[in-house]
Every structure is written in structure tokens, then in C-alpha cells.
Amino acid sequence: MIGGFLGPLAAEIFLLVAICVILIQDAFSYDQEREWTYRLSQLALLISGILVATGMPANDQVLYGGHYRVDTLALLLKLGIIVVSMLALTFARPYILTRRILRGEYFLLVLFAVLGAMVMVAGNSLLTLYLGLELMSLSLYALVAMQRGNRQSAEAAVKYFVMGALASGFLLYGMSILYGVTGSLIIQQVAQIGLASEQQLLFQLGLVFLVSGLAFKVGAVPFQMWLPDVYQGAPSGVTAFISSAPKIAAYGLIIRLLSDALQPFAADWQQLLSLLAVLSIAVGNVVAIAQTSLKRMLAYSAIAHVGYFLLGIIAGDSQGFAASMFYILVYAFMSVGAFGAVIYLSFEGEEREQIEDFRGLASRNLWQATLIAFLMLSLAGLPPFAGFWAKFEVIRAVALADQIWLAIVAVIFSIVGLFYYLRLIKVMFFDEPEQAATVKAPRGLRFALGACGLGVFFLGIFPGMLLEYCLQAFNG
Amino acid sequence: MIWLPILAGVLILAGPGERLPAWSRRIALLSSLVTLGLAVALIPAFRTDTHLLQLVERYNWVEQVNIQYFLGIDGISLPLILLTSLILPLVVIASWRSVSDRQAKYLATFAIMTGLMNGVFAAQDAILFYVFWEAMLIPMFLIIGIWGGPNRIYATLKFFLFTFFGSVFMLVALIYLGVQAQSFGIPAIQDLPLSMAAQKWIFVAFLLAFAVKIPMWPVHTWLPDAHVEAPTAGSVVLAALMLKMGGYGFLRFSLPITPDAANELTGLMIALSLIAIVYIGFVALAQQDMKKLIAYSSIAHMGFVTLGIFVVYQLATGQGDSALLGMQGAMVQMISHGLISAAMFLCVGVLYDRMHSRQIADYGGVVNSMPKFATLMMLFVMANAGLPGTSGFIGEFFVILSSFQASFWYALAAGMTLVLGAGYSLWLYKRVIFGPIANDRVAKLSDVNNLEMLVLGLLAIGVLGLGLYPQPLLNIMEPTLQHLIECGIQSKLDGGSLCQ
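What follows is the structure, given as C-alpha cells:
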């Protein structure tokens, strides 16, 4: 749509300009006018989404001295990030309104994080990737700390920041080793030199640091300790966001670093990832059973889901990467919806995030309870919901790669996983409610919850289209 | 037939709902009758001279991984689809007055579930099959959990987790097969040559799924719990239809896909079946709760089905007739048990609606106040015991006859069940129906009303009709089963295309 030297960057540039405008607008607004900050933010996201979708070049391009890349993969991931961020904002607005943290910074930080994520998935050099990652991470740290008066929130923010900084350090150290050995930041050159280089050991050292750093960022076992505390401590609206959009961005980072830059060492990182994946699936699912807080349960389930999506990457071929991508997009969507459910219930007045608080929701708000049940069943991977196809695809990918044992581990723990998702459904549908009044949630929130619930159902019946796009991203 | 009940269910939920229960009931009944009509209309369209799939519908569903929306029926599916479509209207009529709590949702859930079950029996694509198979758990989970008895939550979670446990292994096996065969179509998978080791793993994966469902000893423990806690109609569907999915799975997947493993492990399967028949028969004798007793008797009867299926491998070649007999016995047993167990659970439901107790000890002398009911129940109890002239006899007799050819001892052990079955069935009848009137409440019981009479009467006709003249059913099944035996016995190990 827009040509010229900066054309391919149109969406990112627009978003940045919009952020500046909103920043100024917000500085001159009173509290009751903050509504406009929200509307403008949504509009900015929408327009940059349209720019991304229409600005697609005919073929893959590597631009700006090899540092930036525009391809189907980046396009799809950007769209995914924008869609889930818009949903997360819709969920968050009424929530932060009642929590008195409706400040312009909230929206600005989300927009900055989105911008960072978009740069991250399109990065083609170690430097761009790192810049995107830091822009996103720093915004997220601040977001978690938004509820200043709340001790839990502050603790979560500090934990997140320290752990995140450590992980960034790991990543940066790994990258510096790669740069030291190859003398290049560009991903393709790193891969080329790596293939011919005799410094195998150094590469492997760098690889271990990279994988550890990535595992920290996505919260794979044994680097998961920060995740449940952060998810629980952060305001629910923020949790909905950090559990979704950054995951998609992290997927982009993993693909660029592992499958593109370190392709010659695939055998090494596949081993590492197999271990991470199996541990994450096992620990995440088993520990989730013991949780009484829904947010914490979803946090552990997030760890398990990270394990599942790593399975596709372990498979190591285009089918596997596509399966993984499908998984992470579907997961981000489900996750926003699931935390949306937590927010939904918070409209009873105080914070309601214990599983027990959902007691008897079905007899109070049947439609919303059904939507939440859809989301839970989808997270559990039951047909006919989208989560089934996501699991199906990654299991198929590992079966194609002749790693049946991984598939068996995956399904055994999905039985464990089913149990705690069913527990929420049980509480909603079979138990008696404490009070008969219906939950009164604002229209936007109900709409977003409906979109998520029906979305997983629709994607469960017609998974073909999204899958086709994911495959295209890897088959050129 | 798949989508009609599902659409009707959604319509009930979206449309009249609870505000107009009368309309909900009418929609449910109408749609179930139309479904039944469509199913019956299949019979003349069905050709009984071929084993090939008929009335095939085939569209691409998820093209990227070769999954198709692929439906078709053969001699195994058709009887089960008929059974499913017959049970739905009966369930609707039976729930007409006896369910008052959230009736519209109750009926809608049943309608959706029935549609999904028809899907299970008609699906010819492995993944489509799996989607229906799993999706069907959700409505059943809700039915037991919402409308069930006091201990319903434990029962329904146990039910869901047990069956899910079995089926995920089946999913891995199906994905593995699909990847190997480059297609998820069941016919393509059946033609896939496989090594012995692979076959054994796949067989075990299937066994886990189907054995839990059918259920075989020792993974049967979810069934009595689920039955006891489920509402009447839930028990009916559970016993009459859901258990059949396990047997259907063995016939559709285990035998044709892994014939050599089935051959190798047939001793194990027969042993498990005989344990189910004899041991569970004794367990049934000891039950105090009517529903539990019938639940255990279901497990014993399903033992006959697996015996009939797997005894095929113990028959020397050249005994194709006895093998066919065993298979036919298994199939007839499934259909007939579908009718009989439905009837038995409805009988218990009739009593429960009036007395709110399922304990045998609370009853006695019911014949004095409910003569019509006593007559009908007599028939079903006799059928449950396998009395000649009822459908229960045909299946059991066929299976015993065929296992006699394999080994005298199998037949003896299986024959024991006729004694045991008569024992627990008739003893149940004696304690509930005959004897002195147990208490005042029994004396005040009113006899069956017209609706109940209609439902039980229809089932009685089915039981007797199948018992006296099973030939049409056998005709429908014969070519398919004959073919199944041929390719089930044939080894896949020496390569070559097999079951075309």
C-alpha cells in the first residue's frame, strides 16, 4: 500500500507516532476524559493492524542492511499480537476503571509492549531482536507494578524485573558469544558461518545461554519460578496481556534464533528443548491440580502449554514449526479469554479469583458460564474446540519426526490437565451458588468474552484456514 | 441424522428454553422422530449384498492434513445407528413428565449427544471419529453432573477421566497410523501394512480406549458409579448406546487394523471376557441397589460381545461358519442388550419416580399394585436372563455355540452365565415384584401411565421381534462381518494389500 524506503515499516512507524500523540493527549486530560485514551489506543492498534495486513509485500524481504525482515511469518505473528492485545485491552478497561488504576500510562505501556513485540518478530539480526525484546519487557515490568498500593503487585513486579533482567543477561551473553565467533549480527550469516566454523564448542556454549534465556522468558521448567507469582500478583487485566501477546513474540524470537540462526546445531537444541518440554508439561500440569486460585492455576497451565508448543519446535521441520505457531496463536487467544473470565467475575465487587468463587455461575449467568466452559475445554484440548487441533497438530508433528515417546508423554499429562479444567466446570455447573444475583459486567467485557468463547468453538470446527496460513509462513 | 438432533438441541436452547417447556418437548420429540424416520429410511436404501461402504458422503475438512468429513455406513454401523435413533425418542418420551428441573436443557443435551453418537457410528475418517467420540463425553458429563444423584460429581468426574484416559492413547495411535498412511480415512488405515511390534502397541492403545468404554474387567469401575448417579434417561443412553461404542471400536479398528496383534493377544482378551462374564455375574448377585445390579449385568453381557469377537482367532481356519456365528452373536448381543438394558433402566426409573429409592430391600409385592408393570418387567428380566424367544437368547446362544467350537471350557464358562444371569435377574424380580407387600408405600403405587406404557411396550416389541425373527438384522450384517473375518484372520505381516 505504501511504497518507498520506509514503506515496509509503515505499521510500526504509525504505532510509534500514535503513541506519541496519545502521550500528549493523555498529559492534557483529566481523569474523566481518560476514556478517550482508551479509544485512541484501540484505534491505533486497529489501524496498525490494517497497515500490517495490507502492507504485505509480494515476497519475503530483508531490509535495512539485513536487520529487519518482512515475511509471512512476521505478518501473521504481528496480526496475532495485535488481535490479542485489543482483546486484552477490552477486558482490562472496565477492570482498571474500578481498580482506580485507569491512567494513561497503562495504555501507553501496552502500546509500547506491542511495538516491541512487533519489532521482535520481524527482527533479522541479533541486535534488532534484542531491542524489540527489551522494549517489550521493560513495558511489561512497569505494567505489573501499576497497582502501586498493592504489596502483591509490587512483589510480582520486582520478581519479574529481576528474573527478566537475568534472562536478558543470559540471552545477551549468548548473543555476544555468537557475535564473537562469527563476527556478524545478521541471522543468515551467523547460520552460514556456523555451518563451516570449527569453533563448535563455542557455538554450543552460546547456544546453551540462548536456550536458557529463552526458557526464562517463556517460563519453561526449570526456569519457571517467577511465572506463577507474577501472574497472580499482577492486576488481572495485565495478566491477560502478559500471558498472551508476549508469548507470540517469544515464539517469533525462538524461531529466529534457533531454527534460523542455529540451524546447524539443531540436534543440540532439540535435545535441550525436549528436556524442557517434558519437564514443563509434567510440572505444569501436576502442580496446577493443587492450586485453589484460578489465576495461579492458569499460570501453571501456561507452563504446561509452553511445553506443548515447544514440542512442535522440537520436531524441527516446517510442519512442526507451523504446528507450533498454530498452537501459540490459539493458546494466546484462549489465554486472554481465560483471564477475561477472571476479570468478568471480579465485577462482583472485590477481587474474586479463587476457583471456589465460580460456584454455581451456570445458574446465575448460563451463557457466560458456557463460554468459560468452552475456553476451559479448549485449553484441555477436547474436540470440537480449537485447543484440540493445536494439540493434534503438535502431536502429529512429533509423530512425523518419529518421536512417539514425546507424543505419549504429552497425552498422558493432558489427562492430568483435563482434571483441573474440569474442576472449574464442575464448580460452575454442578455446585450451588452462594448468591442468586447475576454478575453485572459491562457490555464490552461480555462482548470480548463472547468473542473468545465462540472463537475457540469456530476455530475448532474450521481450523483449516488458520492452519493454512501457518503452513504458508514456512513454505514460502 | 447427525446434525438434525444437534440443531434441534441448539434450537431448544436458543429458542423456547425453560420459559416454554411444552414447546421444547415438542421440538425434541419431533426432531427425534424425524431422525428415527431418516434412520429407518436407510434400510431400503442399504444393499445387503456387499461389504463396501454405502451412502458415502465425503468432503475435505482440514485439507492441510488430509482430514476429511467422510461418512459412510456398512453392516456394522447401520444397526447401531438404528438403535441410537430409536433410543432418542424413547428417552424424550420417558422424560416427558418425570424430569421437572431444567427440562429443556435436559432434552437439548440428549438431542445433541444422540447426534454425536450417530456421528461416531457413521464416521469413516479416524479424526472425525475421534472428534465425535470425545465431544460426546461433554454432554454426558453434564447430564450426570447436573441431573444426577447425590454422589454425582464423583461419578461424573470418574466417568470423564476414565474414558478420556483410554481415548487419548487411541488418539496417538490414530495419529501414528494417519501419518504412516498419509491419510486419516479408515479404509486407508485398514490397508496399511504394519510390523508386529507396531501392531501390538497400536492394539494396546485401542484396547485401552475400547476396553474402558465397553467396559471390560478390570477397568469397569466407572460404570456402576456412573449408572447409579445418572438420571434414568442418562443410564439408558449410557447402557444402551455408549457401551456399544466400545464394541463398535473393536470391530471397526482393532480387528482390521491390527489382525496379527489381535491374533497374538486373543488368549488375553478371551480370559478378560470370561472373567467379566463369570466374576461380574457373581458380583451382580450380591448387589443391593437395582441400578447397580443392572450395571454389573451390563458388564457381564458386554463380556459376551468381546468373547464373540475374539473367539474368532481360536477357531481353526475352515471354521468360517462358526467364526461368523461368533461375530453375529456379538453384534446381536449389542443390539439386544441396547434394548434390554434400556428397558431395565426405564423400569427402575418408573419405580424410582414413585418411591425415590433404588434399594431392593424397599420393595416387595409390587405386583399387587402394579400388575401391568409387573408383566412388562417380567419380559425384560427374562430377556436379560437369556430366555429363548427373546433377543437376549439369540446373541448369547450364538456366542456360546461358536466358542464351543474353539474350546469346551470357554463354552462351559460362558454357559455359566446363563445360570448366573437367570439367578440375579430372577432373584431381583422375585424380591421386587413378588412376595408380601413390603410397606404402605408399595401398596399405594399407581400402575404405569400411558407414556410409560408406550415406551416399555415399544421396547418389548423390539425385544420379542428380534428374539423371534432376527433374520433381517443378520442379513444386514452378514456381508460386512464375513469380510471382516476374512481380513481379520489374514496376516498383515507378509505384506500386500489386504482388505480391499
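Residue numbers (my numbering), protein chains in the order written: chain L, 2 to 477; chain R, 195 to 694.
Ideal Cβ positions, reconstructed from N, Cα and C, are used throughout, including at glycine.
Remember, it's a predicted structure, so these values are computed and weren't measured experimentally.
Other residues of its chain near residue 358 of chain L: CB distance less than 7 Å, five sequence neighbours each side excluded: The residue you call residue 358 of chain L lines up with position 357 of the first sequence. Cβ neighbours of residue 358 of chain L beyond the five flanking positions: 346.
Test item: CB-CB of residue 417 of chain L and residue 279 of chain L under 8 Å: Reading the first sequence from its first residue, position 416 is the one you call residue 417 of chain L. Reading the first sequence from its first residue, position 278 is the one you call residue 279 of chain L. Not a contact, by the Cβ cut-off of 8 Å.
Proximity winner among L:66, L:186, L:220, L:237, relative to residue 89 of chain L (alpha-carbon distances): Translated into positions along the first sequence, residue 89 of chain L becomes position 88. When only C-alpha atoms are compared, the closest one is L:237.
DSSP-derived helix/strand/coil call for residue 261 of chain R: For the purposes of this step, residue 261 of chain R is identified with residue 67 of the second sequence, where counting begins at 1. Residue 261 of chain R falls in the strand class under three-state DSSP.
Cβ shell of residue 509 of chain R (< 8 Å), same chain only, five flanking positions each side left out: Here residue 509 of chain R corresponds to residue number 315 of the second sequence, with the count starting at 1. Answer for residue 509 of chain R: 516, 517, 520, 596, 599, 600, listed in chain order.
Exposed unless 16 or more other CB atoms sit within 10 angstroms - verdict on residue 245 of chain L: Working through the first sequence from its first residue, we reach residue 245 of chain L at position 244. Buried: at least 16 other Cβ atoms inside 10 Å.
Helix, strand or coil at residue 65 of chain L [DSSP, three-state]: Numbered from its first residue, the first sequence carries residue 65 of chain L at position 64. Residue state, collapsed to three classes: coil.
Below-8 Å beta-carbon distance, residue 369 of chain R vs any chain L residue: Taking the first residue of the second sequence as 1, we reach residue 369 of chain R at position 175. Closer than 8 Å: yes.
CB contact check: residue 282 of chain L to chain R, cutoff 8 Å: By 1-based counting over the first sequence, the position of residue 282 of chain L is 281. Answer no: the Cβ-Cβ gap between residue 282 of chain L and chain R never drops below 8 Å.
Start-to-end residues for the beta strand (DSSP E) that takes in residue 560 of chain R: What you label residue 560 of chain R is simply residue 366 of the second sequence in a count that begins at 1. Where residue 560 of chain R is concerned, there is no enclosing beta strand (DSSP E), although the alpha helix (DSSP H) it sits in stretches over 560 to 563.
Reference residue 618 of chain R; option with closest CA among R:577, R:401, R:656: What you label residue 618 of chain R is simply residue 424 of the second sequence in a count that begins at 1. Among R:577, R:401, R:656, the Cα nearest to that of residue 618 of chain R is on R:577.
Cβ of residue 209 of chain L within 8 Å of any chain R Cβ: Walking along the first sequence from the start, residue 209 of chain L turns up at place 208. No, residue 209 of chain L lies away from the interface with chain R (no Cβ there is under 8 Å from its Cβ).
Backbone secondary structure at residue 447 of chain L - three-state DSSP: Within the first sequence, residue 447 of chain L is the residue found at index 446, counting from 1. Correct three-state label for residue 447 of chain L: helix.
Buried/exposed call for residue 21 of chain L, threshold 16 Cβ in 10 Å: To locate residue 21 of chain L, count along the first sequence from 1; it is residue 20. Exposed, since its Cβ has fewer than 16 Cβ neighbours within 10 Å.
Where the stretch 345 to 373 of chain R meets chain L: residues whose CB sits under 9 Å from a CB there: 346, 347, 350, 351, 354, 355, 358, 359, 362, 363, 365, 366, 369, 370, 372, 373
Residue-chain proximity (residue 663 of chain R, chain A), Cβ-Cβ < 8 Å: Of the protein chains in the structure, L and R, none is chain A.
Beta carbon of residue 304 of chain L nearer than 8 Å to that of residue 281 of chain L: Within the first sequence, the letter at position 303 stands for residue 304 of chain L. Within the first sequence, the letter at position 280 stands for residue 281 of chain L. Cβ atoms of residue 304 of chain L and residue 281 of chain L: closer than 8 Å.
Closer than 7 Å at the beta carbon, the chain R residues around residue 472 of chain L: Sequence index remark: in the first sequence, residue 472 of chain L carries index 471 (1-based). Simply 258.
Chain R residues whose Cβ lies nearer than 7 Å to that of residue 206 of chain L: Locating residue 206 of chain L in the first sequence gives position 205, where the first residue counts as 1. Result: empty, since nearest Cβ-Cβ is about 36 Å, beyond 7 Å.
CB-CB length for residue 505 of chain R against residue 559 of chain R, believed under 8 Å: Counting from 1 along the second sequence, the entry for residue 505 of chain R is found at position 311. Counting from 1 along the second sequence, the entry for residue 559 of chain R is found at position 365. Actually they are not in contact, since the Cβ atoms of residue 505 of chain R and residue 559 of chain R sit about 43 Å apart, beyond 8 Å.
Counterpart residues of residue 319 of chain R in DSSP-defined beta bridges: Here residue 319 of chain R refers to the residue found at position 125 of the second sequence. Beta-bridge pairing links residue 319 of chain R to R:379.
Distance CB(residue 719 of chain R)-CB(residue 466 of chain R) smaller than 8 Å: Because chain R here runs from 195 to 694, residue 719 of chain R falls outside it and cannot be looked at.
Separation of residue 395 of chain R from residue 382 of chain R, as counted between CA atoms: Here residue 382 of chain R refers to the residue found at position 188 of the second sequence. Here residue 395 of chain R refers to the residue found at position 201 of the second sequence. Between residue 382 of chain R and residue 395 of chain R, the C-alpha separation is close to 19 Å.
DSSP beta-bridge partners of residue 187 of chain L: Walking along the first sequence from the start, residue 187 of chain L turns up at place 186. Looking at the DSSP assignment, residue 187 of chain L forms a beta bridge with L:126.
Counted within 10 angstroms of its Cβ, other Cβ atoms place residue 197 of chain R as buried (16 or more) or exposed: For the purposes of this step, residue 197 of chain R is taken as the residue at position 3 of the second sequence. Result: exposed.
Residue 141 of chain L versus residue 152 of chain L: straight-line alpha-carbon distance, rounded: Here residue 141 of chain L refers to the residue found at position 140 of the first sequence. Here residue 152 of chain L refers to the residue found at position 151 of the first sequence. Approximately 17 Å, taken between the alpha carbons.
Under the three-state DSSP convention, the category residue 557 of chain R falls into: For the purposes of this step, residue 557 of chain R is taken as the residue at position 363 of the second sequence. Three-state DSSP puts residue 557 of chain R in coil, outside helix and strand.
Under 9 Å from the C-beta of residue 340 of chain R: neighbouring residues of chain L: For the purposes of this step, residue 340 of chain R is identified with residue 146 of the second sequence, where counting begins at 1. What residue 340 of chain R touches in chain L: 363, 430, 431.
Residue 462 of chain L versus residue 232 of chain L - alpha carbon distance: For this step, residue 462 of chain L is matched to residue 461 along the first sequence. For this step, residue 232 of chain L is matched to residue 231 along the first sequence. Distance between the alpha carbons of residue 462 of chain L and residue 232 of chain L is about 31 Å.
Option nearest residue 106 of chain L by Cα separation, candidates L:364, L:429, L:146: Start at 1 with the first residue of the first sequence, and residue 106 of chain L comes out as number 105. It is L:146 whose Cα lies nearest to the Cα of residue 106 of chain L.
Pair within 8 Å by beta-carbon distance, residue 449 of chain R and residue 455 of chain R: The sequence position of residue 449 of chain R within the second sequence is 255, counting from 1. The sequence position of residue 455 of chain R within the second sequence is 261, counting from 1. Their beta carbons are not under 8 Å apart, which means residue 449 of chain R does not touch residue 455 of chain R by this criterion.
Closest Cα partner of residue 18 of chain L within the set L:48, L:340, L:31, L:36: For the purposes of this step, residue 18 of chain L is identified with residue 17 of the first sequence, where counting begins at 1. Looking at the Cα atoms, L:48 is the closest of the given residues.
Close beta carbons around residue 690 of chain R, own chain, < 6 Å, minus the five adjacent residues each side: Numbered from its first residue, the second sequence carries residue 690 of chain R at position 496. Because the pLDDT of residue 690 of chain R is 47, which lies under 50, any placement of that residue in the model is unreliable, and the question is left without a value.
Below-8 Å beta-carbon distance, residue 408 of chain L vs any chain R residue: Here residue 408 of chain L refers to the residue found at position 407 when the first sequence is read from its first residue. Yes, contact with chain R.
Inter-residue spacing [alpha-carbon to alpha-carbon] between residue 80 of chain L and residue 385 of chain L: Residue mapping note: residue 80 of chain L aligns to position 79 of the first sequence, counting from 1. Residue mapping note: residue 385 of chain L aligns to position 384 of the first sequence, counting from 1. Their backbone Cα atoms lie some 25 Å apart in a straight line.
Amino acids of chain L, ordered along the chain, whose beta-carbon sits closer than 7 Å to that of residue 325 of chain R: Taking the first residue of the second sequence as 1, we reach residue 325 of chain R at position 131. In chain order: 384, 385.
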